[in-house]
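Below is one structure, written out as structure tokens, with a few remarks after it.
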Amino acid sequence: MKLLAKKKQEEEKKKELILAQIKANEKKVLKDKARYLEKKMVGAFLELNEIIIDDLRGDGKVYYQFEKDKYTRIERDGKFLSEGKYQISKSGEIELTESQDEFFWKLSVSDGVIDIKSKFYPYDGYKRFALDFIYKNIAKETREDKNKLAKLEKEEKEKLKKEKLASEEEKRVQELLLAQKKAEEERKKEEELLAKKKAEEEKKKQELIAQKKAEEERKKKEEIAKQKAIEEEKKQKILAEEKKKKDELIAKLMAEEEQAQKEFEKKKKELNIDTDSPEIMVAESITVTSQAYKLKGKVKDKSEFFLQIDGQPVKIDNNGEFVFEGFVINTSEAEELTLVAIDRWNNSSEKSVKINVELKEMKVAKGYEKLLPNKIKVNKDKNKIAIIIGVEKYEYLTNLDAAFANRDANAFREYAVRALGVDPSNINLLVDKDANRPKILKALKLWLPKIGGENRDIYLFFAGHGLASDDGKNLYILPQDGDASLLEDTAITRSEIIKLLQKTNPKSVTMFFDTCYSGQTRNEETLVASLRPVRIVADDQEIPNNFTIFTASANDQTSGSIEEAKHGMFSYYLMKGMEGAADQNNDNKISNGELIAYVQENVSKVAFSQNREQDPNMSGDKDKILFTYK
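Each residue of the sequence shown is one higher than the last, beginning at 53 in the working numbering.
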């Protein structure tokens with residue numbers, strides 16, 4: 053303890069000596085407000101001069117050399133003392149960093165002072181130090197000239213001697229002040245010892261009082277706990293009695309409810325409430341002239357009921373009347389609907405309705421619930437013609453079907469009517485055996501000119517297989533009787549189809565090809581075993597200005613199908629887009645660009661989910677309106 057006290061006294065003495073030196077130093081410098089240099093002037097001054105200052109760090113007068121962002125403290129003869137980094141703030145303050153210490157300088161050359169702030173010194177805020185400086189070149193020459201250096205050292209020693217004599221008086225004053233301060237500290241220590249002794253006695257007294265109080269609290273808590281135990285025992289007895297009463301009441305209520313239910317069942321049997329099944333009033337068979345149809349009927353019953361058709365709930369108005377919308381794809385078989393009505397008493401009735409479709413000069417496919425062409429409606433136009441071809445099963449390709457191609461063609465026929473506005477009598481539908489090479493050429497060369505293609509809008513849809521020639525210059529569609537190994541003799545080139553359509557002098561031609569030319573089926577099976585990769589260049593050929601061609605995929609890709617939808621992927625989204633889904637700006641107009649954008653976006657996503665690529669394309673005017681609907 054004595055050593056610590058002694059060390060503390062020495063530190064206090066050192067601190068007081070530094071403060072005394074600072075006071076003596078401040079007497080020699082200006083006491084007015086200093087005129088500090090601005091940032092630019094500070095930088096220029098430090099670049100040309102070395103600052104000479106007794107920074108009270110135990111080395112006497114030292115020289116500060118500044119270079120870029122670094123400074124060095126040296127003795128007059130150039131001996132290294134320490135170094136650090138510095139920067140100049142916007143206000144012109146110099147911030148010096150050395151090890152863990154920081155010094156902040158405010159430089160006033162005109163007044164010959166530096167105001168310094170640092171935690172290194174035993175004071176708060178800025179204190180003023182006398183400033184001297186020397187040009188760097190002169191300082192350098194002086195250090196190189198030893199004789200001049202010795203003379204300067206002598207002058208410096210004499211100056212220091214004078215300053216020492218001048219500060220001795222101040223030192224004696226400080227020593228007297230220190231002695232007085234020491235005496236005052238001794239007096240305070242004695243007072244502190246007395247206060248400490250008194251505090252210890254008071255502490256012991258308070259501890260005894262606290263012990264006594266704690267004992268009283270303990271006894272009080274024991275008494276309270278005992279009283280609580282008695283009260284808890286009484287409370288548990290009361291709760292047990294209440295629970296017993298509650299259980300008895302619940303049992304009584306349950307018995308009463310059971311008795312009431314029995315009486316209700318008995319009364320229900322006596323009254324014989326609505327034992328009759330709902331009556332479904334609808335024709336057992338209807339014949340329609342369109343693939344899309346509406347079935348109307350009525351249900352009668354004494355109580356509330358609901359109706360389902362093929363497992364789907366159907367809305368019924370207050371009079372019991374309903375309207376069901378359906379879509380038939382395959383007209384070769386009648387579609388049978390099952391209607392089930394159930395009332396609130398679980399009485400039910402069931403009825404079957406057959407839907408027969410009779411169309412003039414066309415084949416209609418069985419309806420697919422997710423394709424609803426009746427969503428769209430346009431004006432019929434006698435100046436529009438459509439040739440629709442679908443080939444699913446090929447005569448010379450065993451087990452290499454174009455999956456769902458017939459369904460695609462049959463479904464597109466209704467979209468040609470409802471979306472494109474083609475009159476049913478102007479549609480030539482060729483499916484499977486009716487889509488052989490002679491019949492396709494007959495439709496292009498004989499039927500089309502006969503019906504009159506001049507100055508009319510012609511639409512051609514093909515779903516089936518396609519192949520490219522060995523040199524990649526020709527793209528073929530395969531008719532139902534086409535042979536993949538004899539393309540030139542049994543298939544039809546796309547360019548030949550374009551020439552035949554051009555001969556009729558049409559107003560416009562729009563072609564949809566749900567096929568590919570990569571040599572694979574929709575299920576990615578190879579059509580020709582010896583098929584080699586071919587670079588297809590046919591697309592480089594120009595098409596007529598009034599032609600628009602939609603293709604299901606790039607030439608080196610496979611055009612796939614959607615098993616769940618039972619349609620080709622391109623055909624499915626083509627028809628969904630024509631229902632109005634492709635109308636991006638909702639202006640009741642679908643342009644070529646809007647339709648291909650919708651098809652591309654959806655087909656590429658579904659193809660990606662099948663771990664492959666399929667990117668539909670379009671050649672022609674994207675801004676052209678394909679159709680306007682109501």
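Ideal placement from N, C-alpha and C gives every residue a C-beta, glycine not left out. Given the structure is predicted, the values throughout are model-derived calculations rather than measurements.
For the pair Thr-600 and Thr-562, the CB atoms are nearer than the 7 Å cut-off. The residues Asp-153 and Glu-154, in chain order, have a CB closer than 8 Å to that of Lys-171 in the same chain once the five nearest residues on each side in sequence are set aside. Contact annotation: Leu-519 and Leu-496 have beta-carbon atoms that are not nearer than 7 Å.
Closest by C-alpha distance to Leu-204, out of Ala-191, Lys-216 and Lys-214, is Ala-191. For Leu-100, the uninterrupted alpha helix (DSSP H) segment begins and ends at 91-100. Counting along the chain, Ala-182 sits inside no alpha helix (DSSP H); it lies in the beta strand (DSSP E) bounded by residues 179-182. According to DSSP, residue pairing for Lys-113 in a beta bridge involves Asp-106. DSSP places Ala-247 within a helical segment (H, G or I) once states are collapsed to three. Residue environment for Phe-185: buried (at least 16 other C-beta atoms within 10 angstroms of its C-beta).
Rounded to whole angstroms, the gap between the alpha carbons of Lys-257 and Asp-167 is 56 Å. Taking each of Glu-238, Ile-361 and Thr-383 in turn and checking the Cα distance to Val-375, the smallest one comes out for Ile-361.
Leu-89 is the residue among Leu-89, Leu-391 and Asp-675 whose C-alpha sits nearest the C-alpha of Asp-163. Val-483 counts as buried, since at least 16 other C-beta atoms from the protein chains shown sit within 10 angstroms of its C-beta.
CA-to-CA, the gap between Glu-315 and Ala-307 works out to about 12 Å. By the Cβ criterion, the stretch 604-619 is in contact with the stretch 657-677, since at least three pairs of Cβ atoms, one from each stretch, lie closer than 8 Å. Taking a contact to require three or more Cβ pairs closer than 8 Å, the stretch 424-438 and the stretch 470-480 qualify as touching. Non-local C-beta neighbours of Gln-532 in its own chain, meaning closer than 7 Å and more than five positions away in sequence, comprise Val-443, Tyr-446, Glu-447, Asp-484, Lys-485, Ala-487 and Asn-488, ordered along the chain.
Contiguous beta strand (DSSP E) elements confined to the stretch 472-500 occur at 479-483, taking only those with 3 or more residues.
Membership of Ala-463 in the alpha helix (DSSP H) is indicated by the continuous run 457-470. Taking 8 Å as the upper bound for CB-CB distance, Phe-456 and Lys-352 are not in contact here, some 42 Å apart. Residue environment: Phe-132 is assigned as exposed (fewer than 16 neighbouring CB atoms within 10 Å of its CB, all protein chains considered). Within a 10 Å sphere around the beta-carbon of Ala-461 sit 16 or more other beta-carbons, which makes this residue buried. Annotation for Ala-86: Lys-158, Ser-160, Asp-163, Val-165, Asp-167 and Arg-180 place their beta carbon closer than 8 Å to its own, counting only its chain and skipping 5 residues before and after. By the neighbour-count criterion, in which a residue is buried when 16 or more other Cβ atoms sit within 10 angstroms of its Cβ, Ala-344 is buried.
In terms of Cβ geometry, Phe-514 and Phe-565 form a close pair [threshold 7 Å]. Residue burial annotation: Ile-290 is exposed, with fewer than 16 other C-beta atoms found within 10 angstroms of its C-beta. For Phe-118, the CB contacts under 6 Å within the same chain, skipping 5 residues up- and downstream, are Leu-98 in chain order.
Boundaries around Val-655 are those of the alpha helix (DSSP H), 644-661, since no beta strand (DSSP E) includes it. By the neighbour-count criterion, in which a residue is buried when 16 or more other Cβ atoms sit within 10 angstroms of its Cβ, Asn-644 is buried. For Lys-346, the enclosing beta strand (DSSP E) has its first and last residue at 344-352. Listed as beta-bridge partners of Phe-156 by DSSP are Glu-147 and Lys-169. When secondary structure is reduced to three states using DSSP, Thr-603 falls in the strand class. Looking at Asn-398, Asn-526, Ala-536 and Ile-440, the one whose alpha-carbon comes closest to that of Thr-450 is Ala-536. For Tyr-187, the number of other beta carbons within 10 angstroms of its own is below 16, and it is reported as exposed.
Rounded to whole angstroms, the separation of the alpha carbons of Glu-259 and Glu-275 is 24 Å. Assigned with DSSP and collapsed to three states, Thr-450 falls in coil, not helix or strand.
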